[in-house]
Structure formats: structure tokens, C-alpha cells
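Residue numbers (the working numbering), protein chains in the order written: chain A, 1 to 462; chain B, 1001 to 1462; chain C, 2001 to 2462; chain D, 3001 to 3462.
Ideal Cβ positions, reconstructed from N, Cα and C, are used throughout, including at glycine.
These numbers come from a predicted model, not from an experiment.
Protein chains: 4
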Amino acid sequence: MLTGDQYKDSLQDGRQTFFEGEKIDDLAGHPLLGQTVATTAAGYDRFYDPAPDATSPLMTVPSSADDLREMIPLLHEAGMMAHVTYTSIQTLKTAAGRMNDVKPDYIERMDAFIAEAQVNDVRITQCITDAKGDRSLPPAKQDDLDSYVRVVDRQRDGVVIRGAKLHITGASFGHELLTIPTKAMKAGEEDWSIGCAVPVNAEGVRIINTTYAPRHADTRSFPVSGTHHYPEGFVIFDDVFVPHERVFLDGETAFAAVFAHSLGLWERLGGLSAFVEEADQLVGLAQLVAEANGTAGIAHVKEKISEMIIHATLIRATLEAAIENCSVGPEGAAFPNELFTNAGKFHAAANYNHIVRHLHDIAGGAVLTTPSPADFENEQVGELARKYMSTGPDIDGEYRARLMHTIRDLTADSYGGWKFVTNIQAGGGLYAQRIVTRRHYDLDAAKLKALQIAGLAENDDH
Amino acid sequence: MLTGDQYKDSLQDGRQTFFEGEKIDDLAGHPLLGQTVATTAAGYDRFYDPAPDATSPLMTVPSSADDLREMIPLLHEAGMMAHVTYTSIQTLKTAAGRMNDVKPDYIERMDAFIAEAQVNDVRITQCITDAKGDRSLPPAKQDDLDSYVRVVDRQRDGVVIRGAKLHITGASFGHELLTIPTKAMKAGEEDWSIGCAVPVNAEGVRIINTTYAPRHADTRSFPVSGTHHYPEGFVIFDDVFVPHERVFLDGETAFAAVFAHSLGLWERLGGLSAFVEEADQLVGLAQLVAEANGTAGIAHVKEKISEMIIHATLIRATLEAAIENCSVGPEGAAFPNELFTNAGKFHAAANYNHIVRHLHDIAGGAVLTTPSPADFENEQVGELARKYMSTGPDIDGEYRARLMHTIRDLTADSYGGWKFVTNIQAGGGLYAQRIVTRRHYDLDAAKLKALQIAGLAENDDH
Amino acid sequence: MLTGDQYKDSLQDGRQTFFEGEKIDDLAGHPLLGQTVATTAAGYDRFYDPAPDATSPLMTVPSSADDLREMIPLLHEAGMMAHVTYTSIQTLKTAAGRMNDVKPDYIERMDAFIAEAQVNDVRITQCITDAKGDRSLPPAKQDDLDSYVRVVDRQRDGVVIRGAKLHITGASFGHELLTIPTKAMKAGEEDWSIGCAVPVNAEGVRIINTTYAPRHADTRSFPVSGTHHYPEGFVIFDDVFVPHERVFLDGETAFAAVFAHSLGLWERLGGLSAFVEEADQLVGLAQLVAEANGTAGIAHVKEKISEMIIHATLIRATLEAAIENCSVGPEGAAFPNELFTNAGKFHAAANYNHIVRHLHDIAGGAVLTTPSPADFENEQVGELARKYMSTGPDIDGEYRARLMHTIRDLTADSYGGWKFVTNIQAGGGLYAQRIVTRRHYDLDAAKLKALQIAGLAENDDH
Amino acid sequence: MLTGDQYKDSLQDGRQTFFEGEKIDDLAGHPLLGQTVATTAAGYDRFYDPAPDATSPLMTVPSSADDLREMIPLLHEAGMMAHVTYTSIQTLKTAAGRMNDVKPDYIERMDAFIAEAQVNDVRITQCITDAKGDRSLPPAKQDDLDSYVRVVDRQRDGVVIRGAKLHITGASFGHELLTIPTKAMKAGEEDWSIGCAVPVNAEGVRIINTTYAPRHADTRSFPVSGTHHYPEGFVIFDDVFVPHERVFLDGETAFAAVFAHSLGLWERLGGLSAFVEEADQLVGLAQLVAEANGTAGIAHVKEKISEMIIHATLIRATLEAAIENCSVGPEGAAFPNELFTNAGKFHAAANYNHIVRHLHDIAGGAVLTTPSPADFENEQVGELARKYMSTGPDIDGEYRARLMHTIRDLTADSYGGWKFVTNIQAGGGLYAQRIVTRRHYDLDAAKLKALQIAGLAENDDH
């Protein structure tokens, strides 16, 4: 296993990563991106075990509902880079379980890749969303054939790929890019049916980062995003060679969607479990800020908090049902129930904006206009800021300011904006989640129930 | 156990029951109310076991999550009168488990009452909602002190009660009225803190029935409510004597709410399980009617059905979580998780009208304007009705008519109207379900989570 | 102009109208349908003017916003049969204004038809929705070519039509059937591009009625639908001859949609104005029943009523804007603004179920379980019913019962069910209203505004 | 009138204004706040008229619906500081019209203040929201009596006030602080019933600024907030003397709420008109980005845009109805209709988050992850960024990037977060807008309509 420092060193591997027009040669030392490195390094240290054959608990493959349940708090604690790695590994295990008809060497390669990743304690990000070009056209009909990542050359010991993968959270901060087709492919789309693992520092890989990290000289008023931010990678494969042992699919169009579906399931489970955790946090913030404002006893405030509580409970129920009704694949890997996972993720995402509206309604304008920590330290206005932010003998002005800063950071500033969009888009957009839910629902059983109450069950051969 | 015929005979016990201005002396022979008797009698016959010491499976007390789960389809099959009886028994068991501080003879009496009910295979309805008078005043401040059922006299071997209980589904069709306080009581409200069981034919009991039963000469176009309708009872206790062995609470104000809370839980579980079943039926009807109309492939129709599917899945998840996370009381009786039951029931009820809107949107105006079965038999227009209700070689006109009649009966006629209101009101109204959810949610844990992300967890003593 | 009695006589014209399997020879004398005749006759009497050249104010053509506004209360007062007649006349005027390119004799014929209708004071219903067969196929591809009304023969002095028109409110109670294509037609669909006026008693016309009229022996507990119900007609044209002077379109496919669009506009205006009126009624009922229950001061009840008030105000604003921004056609006929009319109608229909949920939530289960008027007269239970329905010295039990009956009749019984579906379907379903709103919105102007804030307005030629 | 340069000079008046812990002595030269000065100065120049007795068109008092309508685009063009000045003047005119019973010298003073403001072309901000302390307690019961601004001393020629006003947009960038009570006051709250105008540079005034202005070195990817940002002022009155001629209320508790109600009306009108304008922008962005993505023809995307269109149309209807139904006060000043203004503002605010969800759903993850303008200029990745952001021959990568940046800036970054909260809070929070709508709705008329359909209109004296 790696220590935090070893992780930091591992990033000095020649990777080509860019930010706002400049190439970044020292990620760890960059004023904004360095914080992501530091946070990730701390996560390594927290789970470090010096035993020589130790592997990270974050990289194990769950084999039961209990295993699945136990991973959830662990992953919340370990942070984003561990979470995406876990998701990558489960995606491969789930996909492998669904691919037993294709060339068995693919499955062997995946298992080997996972084993090596466990030994080396690396971080893996999932590269799925292509640039896509014109969404109304399939890959082979695009004006630019590279709009979807594709094989541009097949050589004796590997393939060469070209294209871009977008919205890859943490791409510059991991070691491997798990690159898979973004959707089902059809005959004639063999070159776009490519799944593989690519080292971040492979020749031809270039990553453009964007981030919601606060630019403020003083990040104290960003209790969440001041320390936890994970830049998005715009990952370009500019003719990158991939050796055969890292190729998990090449041309078998029938299996192109298996990876996306597997990843989708795990991304939505991860998304759902994050929503469940955050829903409680939002309830807690709403209650704390109502108490700090002196409005916790007002009927409409209680009603809004009750609605937030019901929301938190509903999505928790879907997470529980998704785990309790998990399946176990042929190799013994457990995966959550598709139906409950997708319905829960959809509901959580679709209602998030409304839940935040309640929080903003309860908290008040001070979310935006509370003085900064430095103002509280100013000789001329610091005491006055404290005086007027206080709401009584029990509610200190700086405590209340801190609540307001937290609410702003989480829901009404750059990080909050990132969440609004990510909630909707992660795991494929609201529409995709509807479709997947529909696909896994037993529509025939529902039709039979309807025929029965209509008294038509006997002659349903119309 | 009783056969259907024995059940019919058992109703000839002198009960005073009224309908639209007239006293009904022969319930079984009444043109509208007789159907309820017949349906209930058929339910008796279906579960009848001639063994001398047999008791109905519908009256057992579940002791595990599996027991709870297995009862659900059984109860749907057995019908309303069995369902309310089951709910009554579980309410008493749950209340008993929560009352171990009060006089132990109450618990003995309840157990005796349950045992006797099992032996005699009777049907029990729950009488909870009082007339209530002016809702802004407590019982003892009402202009009419009988606005809540109360003890007007205490005698050597029993008590005399007066008041009315409203919205008592099937009251005239059972044998016992389980009468409990509708809400928490306070000091000074001892007389209103009365819980007891009263035979339907007790002297002083009078029941006014209302019903959504179709009045049509030909009920074929009412595939659901034509055979399954359960009149609501407006139950009046006009100075009714109740012997001590049937009194389960008398004056202990601190425990008045225990019965209402226990009943609320079981009513909401029953309501939730009905919603879950019906949600699938509504999905099935939407899909069948879309197929019959030729619109099943249209994007916005698919979207609406997907929304209905997600709704069905969400509430199914809450039912699963409620059962999976059940508790077992001191006497071994299992009861479902309060939090998930209430949140699920709330969500199901709050969104029902919207889901029905989708069904109406998909089905079209023919829900209302489809000719009746008799029209299809008319020589002059029958063939024309069939011709124009047909939508192609595979969709017979009468089949499609039947679907439309079913949708109307379920959602857009008298029974549908009854459901719209009952869905909202059963188990205490939307507001009550919000409050109960809130009460069972761990708000302190949520506040702690909020303090943690705000970095304030250490000094949360402000 | 006709008196009510003359109207009754006019229905004895040999029309072929059916109800629940039987042909009705005396509409006025039928126990259910006779009420519709009586109500319509009373409407005639109310507006009767004995002057020999008088015409009904309900049949005038508005020429300004003020005219449009003044018609609204008049039409609400005059009832359904006057409303559909007014809608038919305005539809023809609006369509005529949009058809000035086609054969001018069509416009002459329409004007002549309107003039004659005014002189004879007849009632006209709009026949638009076809049987439609398989909705995924166009008229000429249907298994049954009569799925859309079509010309099956063209003769020297007229045409012969065949097909059916569905959901025709009041068809059996008017004199003329204004029959128009249900949608746009394309080349090859000339035979289905037929618009004409057909007398109800024309040979070959047969109408099957359905109705939400209450079947109760005592209709006092149906304060609205007990007297006001308008059966829906399933109108069959079984080879009906139409003389040329009553043909308003025959084969000009390009103009087939003009009638549907014109009717859609006026139907939606009528629908919107009804929603506006009813929204106030629902607010009023909610407030009255809250006061009667003693809950008018409770916060969540006030919140719900406030939401109902905001809804009523929003849709009133769209009606005001639709009228204020009306256009005047080439012949001087005013018609309301399409954009505001459609958006308002959509919003009103889409939110109706939710508004009713609030009313049910506030009113309580007594909506369903209040004893009937006859129960109040019963010697044994009448006084008790009154006692327990009363909620204090100021709220008489029968008054409160009446409120509950009204709410049930309007929203939770047969008529209420009819409204749930009709609200959604009238004017073409929610989807159609979205499309029409979109079509009339200035999307290019919105795009320009977006380009301006993006700083891209100059180079929007990408 | 002032030129932009004269405006800049006018800010050098000794005002005490702070930002993130530091006092700002040169507002115009501050790297962040200077932009606000520059934008405001440009607004001055745009409307400058050198005629010696010219006054700004932005400061006129409208006297008709047409006047009200014409001001709207003018104010959108002139920017925030002009808008708040206009709102302040109309608030005083409306309040004056409602205060004719109190001391007439107040009205004279207000008129004099307005006249002087017009001559000097100053900018006025409205200071309404107090610090408020514990919201469950009235001003005189607060632990800190300064929680609401109050008179702490009355002197011969004026009063001394203490307290703070929060969320004062642009407070540091205007010249006068129009300070009014935040709510109704009661007997015993005379000291808190203070309305007055205070120069920004008055002794004792201190303002702490907060801002959503982007901190990025390169603000090109902030097309809106890069140039238009208006810091919020936390305005402290630390014993500030106000001469009598600037006091508009002092102790007349009965009139304390008049100012807040008047300001509320104008703030909500301004808010509504901004929502109407922005709703079109959001529709335009959704359509442009759908076209750029190649998804404009997909059914669910069209549905979402249709929903956005209906929303934009609904709120436009309320604005039209609010203006068309305006009233004219005793002094000839027009003010919009309260009912439509409040209902429209509520609906716009309540649904904003949902509308933005649609935009995010349509636009995709590129809202967050599009490379920055500087990346497009980088030699190593610029061309690749352009290649992969392009979606076909007609959609240039940088054009599409610009759309994404605009959407992020408006809805998913600091400025977007500010809008989410401000939309809800401006004009008093959603709850306040509900209450005001309810207050202005004719509930008695609605009750009468309900009684009429219930057949109870005659005997409504229960």
C-alpha cells in the first residue's frame, strides 16, 4: 500500500495536465490543485497498513448485502479518489459477470488489472462520456470520426486510440484511466467498441482541468470546498497506444453497452448513497439554522423541514431496498438491485433543487451576506458583525456565520453550482435513469394485475 | 371458524343500521348493501377450515419480517373486512406492548378479547375518529361535550359511553367496534380517555351508512366497485353500556394516544401496501390502454409511464424497508418501522392524484364516453359501437371498452372519488403523517452530521 | 328566438339517440336525460326576447377585448348548450378569417349557416374527435378506413360521410353537429378533409349517450350535478348525406387543421374561463369548510388555501392577458391571444388535481361519510346526525353537511370524476396544449436574448 | 445630472466601507469592487443629458399603466443602482399616498427628498431588513435592543439611530440609505418605528460588503457576472444622527408597516419583471444549447423547453395583469396591482429552481467541464479543446464553450448561487408573498361563489 507521500511522488510521472491555459508540472505544489493532492494523500495515510501484503479495504469486492452496506460509510470517509477507484473495480467485476460469452481472455485481463491495482494501491478513474459531437448522429456518421473514442490503428501488440472523454472527476489525480464505450454500439461501429485501461502518464494523454475550488485568499468561509475539491478532467487521447493486456473489449459491439450499464449501476449506487448522506446533512443544517434564527417553532418552517425529512427517508428506503435485494454474480461479486437503485437515484436528483429551495427559504438572505471571517477580526467592524449576527444569548454571531457560510458553500456558491449540475448529470442524466428504471421494472406483471382487476385476465390474447 | 352462510346469519342480531333515511332490517337482502354481505361471506368461505379448533390465518399475530411480508397478499385477497380485523388485532397487540406500565388487567382483557375473536372468527372494525366539533377546541371545551366519545356514567360492572365515531369503513358489516380515543388526552380529559370493544348490536348503537356503490341497473361497467364496496359507518353511541371486561382504557390520559398511534401505524402499513399494489395496477392499466390506443411508442406517453413506474418503485422500497426494519415488541409481536411506513404512506398519498392525472392523460376521453355493455348488445348501435371502439385488427372494441370502464370505475367515478379522499384522509391526513415521520426521524443525528461538515462538531454547545 | 317549450318541442324531430342499450324516443321525459332538457329549456327562457327579429346575445360575434370579457359571465350563466353554440360560431368566424385563400364560397356558406342559426336560435355542438383507430397510423393507413370521418360518396348536390365523432358533449340536446377534421391532413387524405354542418336528426346519425348524472332516488345531496349534467354523445355518421350548402371544406387538405386550431383556441378559452371561475369556488369551499371545521386558523390549512388562492390568481392573470392581447380578424371578429390562452389552460388543467387534493385535505373524511338529507329527516337518527355534524353553536349540522355534499359532488363522485378527465382532455390533452403554446411563443426572440447575455449576439451565424 | 466621472468622484466622500477584513478607501480602484463602480458610471453616462435642468428618466414617477410598462426595459438597461433608486422613489410615493392621516410634514419631507434626489441625480438604496435577533421575539423583547434599528436619542434638530440593516444590495455604491421599519410595529415599539434617509457617508455608518464577483484572473468565462456584480451591504448604524428634515416616520407605530408594504410591492414588481426577462433568456439558452448539442429534436428535450416556455408565459401574464390593473394614488402616482404582482412573484420564485433543473438537464455536464478561454489559446491543447467541443461543421467549439460558460455563470457558479437565494428571499421570502397574496385576494367573493353553487347563498348567516 502507498503512504500519502508515496502517492504525491507517484504523480511526478510525466503526466500532461493543464489548467486555465497552462501546463502544470507540479500538481502537489499548485495553489489550487495542490489541495486535491493533499486531501487525497491524507486519505491514503488514513487507511495505510504497513503489512507487506496488505491491500486497501477500499478495493475489495463485496459479496453480500452486508458487505455492500459496510462499504458505504467507509467510502464517504475515504473521499472521492477512493470512491471512483472502488466504482471502477466493481464496474469491471459486474461487467465481467455479464460477459461470459465473449473471449475469456478479456475477463482474465480485467482480473489481472484489478489484482495489480490492489497490489499497487493505485487510483482509477472511469472515462465514459465521449465528446459525442452531434448527439443526433451515431459515431460513424459524425463529421469528426473522433467524436467518440475509437481505435485508429491495430498493431501487433496493442491498439492506438483517439478521442476525448469528458467530465472525468479527478482524472489528473489518479493513475489509471478506465476507458469504456459510452453507449451501445451497432454493427459497423466496431472501432468505437473499445474498452481498456490507460495510465494517466501514457504518451498522448492530455488532461484539461476545471474546478469549483474557491479562489479566495482566505478559504475559511468555505468549510467544505475549501479542502475538498476534485477537478474535472477533459481527457484527450491523442493517438495513445494501449497494449493488449490492457484491452478489455475491442470490436465486439454486442458487449459495448455492458460496461456502461455496469458503471451506470455503480455510479448511481454511489450517487444515491451520497444523496442519502447529504439529505441528512441538509435536514440538519435546516434545523440548526432555524434554531439559530429563532424560527424552529414556526409552522411553515416545521412543514418544510418535515418535507426534507420525508425526502431523506424515501431515498434512504430505496438505498436499503437496493442493497437488501442485491444479486450475486457468477464470480461471487455482489451488485445492488437495478430497479431500486435507479428509481432512488432519479428521485433524489429530480428533487434536490426543491429541497435546497427549502433550505434557502429557511436560512434567509444571510446565506449570501454574512461577513467573512476576516471581517470578524477587523477592529472597526468585527465586534459589530458579531453583535448583529448574534440572535440571542445562546447563539453566538460567529457560530451563526459559520452555519451560513456552510450553507452557501454547499448550495449557493461555486461548489453548490457544481452539485446542481452533477446531481442531474451523474449516471447519465434524468432521462437515462428513467429509461433504466423502466427497463428493470416488471411491466408484464403490472399488466397482468391490471387485466385481473378489469376481469380480463383470462382472455388477454387480444 | 364461520362459513359464509353462518356469517350472513350472524348479522341478524338486532343491529340498528340505516341507509338514506331508512332502517335496514335485512342487510343481506338489500339491493346495494347486500353485495357487501355477499362479498364478505365469500371471503369467509375462501378461508374456511372445518377443523374444530381452526382459527383464521387472517387473525394471526406476525412475529417477524417474513410473517409481516406474507400477510400482505393474503389480506389483499381476503378483502376489506378481514383487513380491518387484522388491523384491529395488531393495533391491540402493539398498544399492549407500549402500555406495560398501566394496569396489567387492561392487557389481559385485550388478550382475552383477541383470543375470543379468533375462536369466534368475528370481524372487528376500528372506531377512532370522533365527531370532533370545533377542531380548535379540546374535548372538554366543546359546546357539546359529546363531540368526542366519552364516559357519561360509571357503574358497578361497566361504563356508559356517548358520542359518535365517523368514517368507520364496514362498521355495519362486522361484529365488534374497537373504540379508542382519536388523539392524546390531557389532565381533565379523563372521561374522554376511553378505549373499549362494543358489539355492533349493543343497545344504543346506531349506524348510518353511506356508500359509493354504483346505482346502475347494470353494473357490468363497474368491474371493481360493482362487487367490492364497503359502506362507511357513521357510528353513534347513544348511551351504550360496556362491561368492564371489554374496557381497555378508562381515564388514564397518559395512554390515550397509545391506541391511536398503534392504529395509525397499522392503518398506514395497510394503506401503504394497498398503494403499492394499486400503483402496479395503474402502471399496468396505463400500458394496456396505451397499447390499445396505439400510443405506447410515443415519447411523452412512455415518459409518463416511466414516472408512474418510478413512483411504484419508490413506494415499494418504503414498504420493503418498513418490513425489513420491523421491531418485535415485548410479547413477541412484530410491528413495522414507523419512519419508513409513514414516509412511504405520505408520499404515496401525496402523489396519487398526480399519478392518476397521467393515467387520464394517456387513456383519453373514452374513459368517460365509452358506450355501456348494454349498448354493445343493442341491435341498432351495438356493432357500430364495437367498430368505432376497435383500434385495429388486434384490439377488439369491447376489450378496449372494458379497459376504459375499469379506469373510470377506479379513478373517475364514485369509487374513484372515494379513493381520492380516502387516500388523503386514511391514517390521519397528510399533515398527521408528516408529523409522525418527523417524530420518528433522528433529528439529532442529522444535526450532528451538519455540524461536522460545518466544522462545528466540537463546540456544539452553543 | 325560441322559448323553453319551443326548444323541447324541437327535439321531437326523429333523432336517433340511445342510452344504456335503449333508444330514447322522449328525451324530455326520460328520468335522467330529461333533466338536461329541462335545464337547457330554462336557459332559453332566461334569455328569451319576444321581439320578432331578436337574436340571442349568446350568439353574437365579439369584436373587441371588452366584448370578449363581457361574454364570460353571460356564458357561465347560460349553461353548457349555449356555451358550445357560442364556441361553434366563433370557431367558424376564426376559421373563416384564416381561410381567405380557399374557395370563397366556403366562407359564404359559413356566414349563411351562422346567420340562419342566429335566426332560428338553435344549439350547435362541435364534433371534432374521431374514433381514430390505431393512433400510430394516419387515416388512410387504418385497418378500418372509417376510423376518421370521411367522404364515402360525392353526389351532384352533396356528399355522403361515414365515421364517428366521440366525446361530443350535449350532442343529443342540440340541433346541429358542426363536424370538422380532428387534425392536419396531408396529400392523399382528401376524403378525410371534410368540414360540414349536419342536423342531429339527419338520416344515418345515431348518438349513444353516457352520463355522470346521479342515479339516486333523492338527488338533494348532488347540489351541482343533480340539476346540471350534459351527457356525452358518441356520434355515428352511418352514411349521412350533407348538401353542398352545408359543406365548409371538402378535400382541401392544407386547410383541414384550420378548423381544429380555431376550435382549440375557443375551447381552451372556454376551458380557461371555467377553470378561473371554479378556482374561486374551490377557494371559497376550502375556506368555508375550514371555518365550519374550526380549522381556518391553523397554519398548514392557511398555507394550503394560500396556495389555492395563488393558483386562482395565476390563471386569472392568463385569462386577463389572453383577452387584453386579443387580435381582430379580417372580418372584424375578435379572438383571444393564443399564447396566454394555451399556457393558462395548460397550467389550470395540470394543477387541478393538486388543488383538489388540498380541498380534500382541508375538508376531511366527512366529504364521503356525511349522512344524506333523508337521514337527517329520519326519526331515529336525524337529530343525532345533526348533533354530530354540528361543530359548535354557529355551525349547524345540516349546513355543514351541505358543504360536504357539495365538495363530494364537485370533486369526489361521478361528476367530479368526469371533471378530472375532462379537464385534462378538453382542447386536446395536456401534450397538445404544450405544443400549441410552444408554437405561439417567440422562440427566436428568446434565443436572441440569450445570445445577448452570452455576448454572442453579433456573431450568431455559427 | 451626473456624468460617470462625476459619479466616481462622488464616492470619495469619506464613506466607511469594508471588504473581507479591510477598509476600502478607493472603491473605484479596488480590483473587485471597482468593477461595480465602473458599470454604474457607464449607466450614468448612457442616460446623461447635459441640459442644466435635466433629470434622469429613471427617477420619474409613473402615473399610468403605460408609464409603468415603459419603465421596465429602461430599468433593465440602466442596471441595478438605477433600479434600486427607482424602487426607493416609488416606495416613498406609494407610502405617502397611504399615509395621508399622519403628520403632513412627513409627506412634504418625502417629496422634498425626492425632488432633491432628482436634481442631484443620486442613487438611493433601500434599507429594510433588520438584524432581527431571535425571530420568535418582538423588537422590545430582544436580548439586544438594537436587533431592530431604533432611535436611541431624540435631540432638538434630529434623532440618533442605532442598529443594522442587512442584505442591502449596492449599499456602498449609492448616496442615500432609505431606512424603513422591516415590519408592522405595535404600541410600545415607538422607538423602532423609524423611517428616514441617511447619507452613506454619515458619521457612524459602516458597511461590510460581500460579493459573488468572480476572483479569476481571467473573467472571460463569466460573461454576466464578470462585469455586472453588485456587492451586498451589511449596513451598521452606530449612533447616527439624522436631522428632522430627513425623518419620514418617528414613533407612529400604526404606519410602520406602510413603508415595508410599499417597498414590498415595488420590490416584487421589480423582481417579477426580472424573472420575466430572465425566463425568456433561460428558454433561449436551453434552445441554443440543445441545438448546439444536436438534441433540439428529441422529444423529452422539447417537452422540457415547452415547460420552460409555459413558465415564462405564465409569469409574463401576471406582469401584464399587474400593470394593466394598476391603481393611481391620491397624488397621481401609479402603482401595480398587489394581487397579480405577488402571485406572479411567488410563482416565479417558487419554480425557478425547477426551471434551472431543466436547463442543466438539457445542457449536460459541459456546463461545468468546458475548458476556459485560456485553454483554447494554449498551443498544446487549444486546438484539441476546440475539436472536441465542436459538435459538427456548423457548431464551433468556442461558440459552444461560450454558451456553456454563460449557463454556468448564470446558474451554476457563485452568481447563480446568489440568484437561487435572492430569488427566494427578495421581497420577503416565499411565505411573505403567500401572505400578501392572500391578503389582497377577495376571499369573501370566493366564499359567496361557493355558497351559491352549494345552494346556500340565501342563508349564509350561519
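Problem set entry | Neighbourhood of residue 359 of chain A by C-beta, 7 Å cutoff - its chain only, sequence neighbours within 5 removed | Hits under 7 Å: 282, 285, 286, 407 and 411.
Exercise. Does DSSP put residue 3213 of chain D in a helix, in a strand, or in coil?
Worked result: Coil at residue 3213 of chain D, not helix or strand.
Problem set entry | Interface residues of the stretch 3102-3136 of chain D facing chain A [CB-CB below 8 Å] | Listed by position, the residues of the stretch 3102-3136 of chain D near chain A (Cβ gap below 8 Å) are 3129, 3131, 3132, 3133, 3134, 3135 and 3136.
Problem set entry | Among D:3271, D:3197 and D:3144, the one whose alpha carbon lies nearest that of residue 3243 of chain D | Ranking the options by Cα distance to residue 3243 of chain D, first place goes to D:3197.
Problem set entry | Those residues which DSSP pairs with residue 194 of chain A across a bridge | Paired residues: A:250.
Exercise. If you scan the stretch 2018-2097 of chain C from start to end, which runs of the alpha helix (DSSP H) of 4 or more residues do you find wholly inside it?
Worked result: Taking only runs of at least 4 residues, the alpha helix (DSSP H) segments lying wholly in the stretch 2018-2097 of chain C are 2033-2047 and 2065-2078.
Problem set entry | Integer Cβ distance of residue 127 of chain A from residue 58 of chain A, believed to fall under 8 Å | The pair is not a contact, with the Cβ atoms about 20 Å apart (cut-off 8 Å).
For this session: Taking a Cβ distance cut-off of 7 Å, strictly less, list which residues of the stretch 3284-3311 of chain D are near chain B, in chain order.
Result: Answer in chain order: 3299, 3300 and 3303.
Exercise. Cβ of residue 383 of chain A less than 7 Å from any chain D Cβ?
Worked result: No, residue 383 of chain A does not count as interfacial toward chain D.
Exercise. Just checking my contact of residue 21 of chain A with residue 84 of chain A at CB under 8 Å: how many whole Å lie between their CB atoms?
Worked result: Contact doesn't hold; Cβ gap of about 26 Å is too wide.
Exercise. Is it right to say residue 1109 of chain B is buried, meaning 16 or more other beta carbons lie within 10 angstroms of its own, or is it exposed?
Worked result: Buried: at least 16 other Cβ atoms inside 10 Å.
Exercise. In chain order, what residues of the same chain have a beta carbon less than 8 Å from the beta carbon of residue 2414 of chain C, not counting five sequence neighbours either side?
Worked result: 2212, 2213, 2214 and 2225.
Exercise. Which value, in whole angstroms, describes the spacing of the CA atoms of residue 2079 of chain C and residue 2043 of chain C?
Worked result: Rounded to whole angstroms, residue 2079 of chain C to residue 2043 of chain C spans 7 Å at the Cα level.
For this session: Enumerate in chain order the residues of its own chain whose CB-to-CB distance from residue 1094 of chain B is below 8 Å, with the five nearest sequence positions on each side excluded.
Result: Closer than 8 Å at the Cβ level, and outside the excluded window around residue 1094 of chain B, lie 1262, 1265, 1266, 1329, 1333 and 1335.
Exercise. By Cβ distance below 7 Å, which residues in the same chain neighbour residue 1036 of chain B in space, the five residues on each side in sequence not counted?
Worked result: Leaving aside the five residues that flank residue 1036 of chain B on each side, the residues in its chain whose CB is nearer than 7 Å to its CB run, in chain order, 1173, 1229, 1230 and 1231.
Exercise. Relative to the alpha-carbon of residue 2205 of chain C, which residue among C:2195, C:2018, C:2216 and C:2374 has its alpha-carbon at the smallest distance?
Worked result: Relative to residue 2205 of chain C, the option among C:2195, C:2018, C:2216 and C:2374 whose CA is nearest is C:2018.
Exercise. Terminal residues of the continuous alpha helix (DSSP H) containing residue 12 of chain A?
Worked result: In the DSSP annotation of this structure, residue 12 of chain A is not part of any alpha helix (DSSP H), being labelled neither H nor E.
Exercise. So which of A:339, A:303, A:353 and A:382 has the shortest CA-CA distance to residue 1430 of chain B?
Worked result: When each option's Cα is compared against that of residue 1430 of chain B, the closest is A:303.
Exercise. Ends of the beta strand (DSSP E) at residue 2176 of chain C?
Worked result: DSSP places residue 2176 of chain C in the uninterrupted beta strand (DSSP E) bounded by 2176-2179.
Exercise. What residue range is occupied by the uninterrupted beta strand (DSSP E) comprising residue 243 of chain A?
Worked result: 232-243 is the extent of the beta strand (DSSP E) around residue 243 of chain A.
Exercise. Once you ignore the five residues that flank residue 3088 of chain D on each side, which residues in its own chain have a CB closer than 6 Å to its CB?
Worked result: Counting only Cβ-Cβ distances below 6 Å, and skipping sequence neighbours, we find 3124, 3126 and 3178.
Exercise. Taking C-beta to C-beta, are residue 3102 of chain D and residue 3161 of chain D nearer than 7 Å?
Worked result: For the pair residue 3102 of chain D and residue 3161 of chain D, the CB atoms are not nearer than the 7 Å cut-off.
Exercise. The alpha helix (DSSP H) with residue 421 of chain A in it runs from where to where?
Worked result: DSSP places residue 421 of chain A in the uninterrupted alpha helix (DSSP H) bounded by 414-425.
Problem set entry | Near-chain D residues of the stretch 366-382 of chain A - C-beta to any C-beta below 9 Å | Here the close residues are 366, 367, 368, 369, 370, 371, 372, 373, 374, 375, 376, 377, 378, 380, 381 and 382.
Problem set entry | Residue range of the unbroken alpha helix (DSSP H) whose run includes residue 3229 of chain D | Boundaries for residue 3229 of chain D: no alpha helix (DSSP H) harbours it, and the DSSP string shows neither H nor E there.
Problem set entry | Burial state of residue 119 of chain A, where buried means 16 or more other Cβ atoms lie within 10 Å | Residue 119 of chain A is exposed by the Cβ-count criterion.
Exercise. Contact check, residue 1130 of chain B vs residue 1164 of chain B under 8 Å by CB: the rounded distance?
Worked result: Indeed, because the Cβ distance is near 7 Å, the residues count as touching under 8 Å.
For this session: Counting only the same chain and skipping the five closest in sequence on each side, list residues whose C-beta sits under 7 Å from that of residue 3047 of chain D.
Result: Around residue 3047 of chain D: 3056, 3057, 3058 and 3078.
For this session: Specify the secondary structure class of residue 3270 of chain D as computed by DSSP and reduced to three states.
Result: Note: residue 3270 of chain D maps to helix in three-state DSSP.
Exercise. For the stretch 38-52 of chain A, which residues have a CB atom closer than 9 Å to at least one CB atom of chain B, in sequence order?
Worked result: Per Cβ criterion, the list is empty.
Exercise. Since residue 3224 of chain D meets chain C, which of its residues come closer than 7 Å, beta carbon to beta carbon?
Worked result: The contacting residues are 2453.
Problem set entry | Contact between the stretch 1002-1017 of chain B and the stretch 369-380 of chain A (3+ Cβ pairs under 8 Å) | No, the stretch 1002-1017 of chain B does not touch the stretch 369-380 of chain A.
Exercise. Is the CB of residue 438 of chain A under 7 Å away from at least one CB in chain B?
Worked result: At least one chain B Cβ lies under 7 Å of residue 438 of chain A.
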